[in-house]
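If you read the sequence shown in the numbering used here, its first letter stands for residue 259, the second for the next number, and so on.
C-beta atoms are modelled at their ideal positions from N, C-alpha and C, and glycine is treated no differently.
These notes concern the structure reproduced below.
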Amino acid sequence: MQKVKTVGIIGGGLSGLAAATFLARQGYRAKLFEANGKVGGCCATTELQGFSFNDGAMYIAIPGILDHAFERLGLDRTVLIPLRQIIANQNTTLSDGTVINIGHGRDIRICGENENIRQARLDIELDHLLSKWEPVLRLLTTELIPHPFSVWRLLWKGGIHLSKFHGTVASELNAVFSDPAVRAAMAGVMHYTGLPPEKTPVLQILGLVSIFSDGFFLPEGGMGMIPKVLTDELVKQNGEIFTGAKVEKIELTNGRVSSLRLDRDESIPVDAVISTVSGMLTLGLLADVNSAPSSMVRKMRKVPLSHKALCVQLGLSNCIDVPSHSMSHLPMMEDQYKVFLPSDTSPEWLNYTVPTVTMPELAPPGGSIIEMFPPINQLWPADRWDDEAKNSVAEKAICALSERHSMDVVAKRITSPRDYQVRMHLFDGAVYGLSPAADVRFQFPHKTPIAGLYQAGQTTYPGYGVGPAIMSGIFAAECLIKET
Ligand SMILES: Cc1cc2nc3c(=O)[nH]c(=O)nc-3n(C[C@H](O)[C@H](O)[C@H](O)COP(=O)(O)OP(=O)(O)OC[C@H]3O[C@@H](n4cnc5c(N)ncnc54)[C@H](O)[C@@H]3O)c2cc1C
């Protein structure tokens with residue numbers, strides 16, 4: 259064992275900031291290197307002409323995980339980052355003309371034929387869904403995510419629920435809800451996975467359950483407040499943050515991590531490293547890839563990546579007339595695979611969010627923001643997305659939106675898979691790193707076979723999502739502390 263004093267942290271997203279803060283509070287010398295000019299990674303925000311655009315994450319689900327993570331960092335989330343609940347969650351217009359409004363708590367309203375009878379049935383079926391899945395949600399937030407993953411813990415604490423974990427979102431919604439329009443609207447809530455309901459593992463239904471149980475939230479001031487608060491704390495604890503400092507190589511001496519080589523050809527001596535870039539990118543950072551541990555190489559070859567995305571963000575000088583934070587025009591559940599298919603014309607189905615419904619101050623007075631992820635060809639490699647290709651998809655999406663709403667667009671930002679790859683450093687432009695359909699076997703462990711090298715972030719446990727990313731940074735830091 260070697261006495262570790264200086265830890266280099268690669269990446270200034272939530273997991274890197276959390277790992278560095280945790281270590282700095284324990285007396286370690288934490289040096290965080292971020293390739294971009296600012297920290298925050300996929301939870302940062304960018305100001306453009308007075309509009310506050312998300313760089314990645316758009317809302318907080320299961321806020322208990324965020325609270326727990328802050329508690330572990332010795333911070334009071336309720337004081338530092340007050341949350342504003344999304345009261346009008348989702349408005350979905352289905353292909354049969356039914357409109358379903360998911361409001362606040364368990365308030366869901368059906369507008370369509372025989373709506374009173376359908377509403378009464380929905381209320382009962384929603385109770386069934388929640389009585390089955392709320393205990394699993396609580397298990398996840400109180401017993402599983404607060405601890406590094408262990409099969410024994412899962413069996414010990416969650417054994418009685420294991421039989422629920424088979425199947426897909428589609429099979430579960432078919433079993434619980436008798437109304438096809440309700441099934442379709444509920445399935446739409448989980449489209450953030452980038453997968454159609456029949457390919458989405460049933461556990462993702464917790465994303466839906468959490469709307470009704472806990473609610474979805476925005477931090478006061480926008481998503482960028484989360485990395486800002488962590489940055490302030492890290493600086494307070496004497497942690498050092500280097501922005502515009504891309505790590506090119508992790509260098510080893512006698513098989514142990516010894517320094518980080520930066521793109522400005524500078525070598526920084528370190529006693530240990532926590533890499534929060536994906537497992538795939540971490541492997542590429544090893545100075546001698548041939549000597550990379552075979553377990554990491556094998557995993558890298560097998561990992562199922564998440565989808566690539568193209569994001570269209572519009573700043574409007576007018577206030578768009580919508581009833582909900584999230585707006586969808588969808589086919590019935592069996593046809594929702596079509597929502598993910600690219601098209602040569604304007605997309606027929608639409609799914610967009612209007613964060614200014616919940617937080618008008620993200621736009622200049624009287625204005626609004628729209629965020630939309632139109633379908634794209636998943637078979638294209640990220641670097642095929644040149645300006646012409648991305649503008650073509652974006653213009654069709656904007657055209658489809660302008661048929662529904664009056665829009666005076668004054669700011670526009672389009673982020674293609676290539677931009678996610680080059681600007682946000684996401685491997686192959688895959689937004690969540692690993693596919694939400696991948697099980698824990700595909701995640702990279704916090705401790706690597708290389709002495710002094712640890713991993714956190716999106717491709718480790720739990721990693722995917724705002725609260726889980728912070729937890730993964732804490733786990734990696736704890737693992738490092740335990741071993742030194
Ligand atoms: C489009 C999108 C939408 C999302 N929506 C949501 C949502 O609504 N709710 C939610 O909970 N989660 C959402 N997520 C997921 C969530 O944002 C992430 O899980 C979380 O922010 C990941 O944090 P991280 O620190 O692990 O990784 P990142 O945020 O990716 O941070 C890694 C950092 O490392 C830096 N870096 C990379 N390579 C190097 C290098 N060689 N040297 C130095 N620095 C380097 C990067 O620039 C980046 O800042 C979304 C993600 C995306 C992309």
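Under the three-state reduction of DSSP, residue 574 is assigned to strand. At the C-beta level, residue 324 and residue 335 come within 9 Å of one another. Of the residues assessed, residue 387 falls on the buried side of the cut-off, its CB having 16 or more other CB atoms within 10 angstroms.
Annotation for residue 597: 607 place their beta carbon closer than 6 Å to its own, counting only its chain and skipping 5 residues before and after.
In the DSSP annotation of this structure, the continuous segment of the beta strand (DSSP E) that includes residue 359 starts and ends at 357-360. Beta-bridge partners assigned by DSSP to residue 342: 476. In this structure, the straight-line span from the alpha carbon of residue 702 to that of residue 533 is close to 11 Å. Rounded to whole angstroms, the gap between the alpha carbons of residue 483 and residue 477 is 7 Å. Under the three-state reduction of DSSP output, residue 518 falls in the strand class. For the pair residue 347 and residue 316, the Cα-to-Cα distance works out to about 13 Å. The DSSP-derived three-state label of residue 307 is coil. If you compare the alpha carbons of 732, 734 and 724 with that of residue 322, the shortest gap goes to 724. Closest in alpha carbon position to residue 490, among 378, 641, 443 and 272, is 272. Burial check for residue 396: the Cβ neighbour count within 10 Å stays below 16, so the residue is exposed.
Note on the region 623-681: whole alpha helix (DSSP H) runs with a minimum of 4 residues are 645-660 and 675-680, in chain order. A distance below 9 Å separates the beta carbons of residue 604 and residue 661. Distance from the CA atom of residue 446 to the CA atom of residue 435, rounded to whole angstroms, is 14 Å. For residue 280, the enclosing alpha helix (DSSP H) stretches over residues 272-283.
Between residue 714 and residue 274, the gap from beta carbon to beta carbon is short of 9 Å. Exposed is the label assigned to residue 284, since fewer than 16 other Cβ atoms lie within 10 Å of its Cβ.
Between residue 508 and residue 711 a beta carbon distance of about 7 Å is seen, short of the 8 Å cut, so the two are scored as contacting. When DSSP states are grouped into helix, strand and coil, residue 288 belongs to the strand group.
Residue 268 has its Cβ nearer than 8 Å to a heavy atom of ligand 1. Contact check for residue 719 against residue 406 passes: the beta carbons are separated by less than 9 Å.
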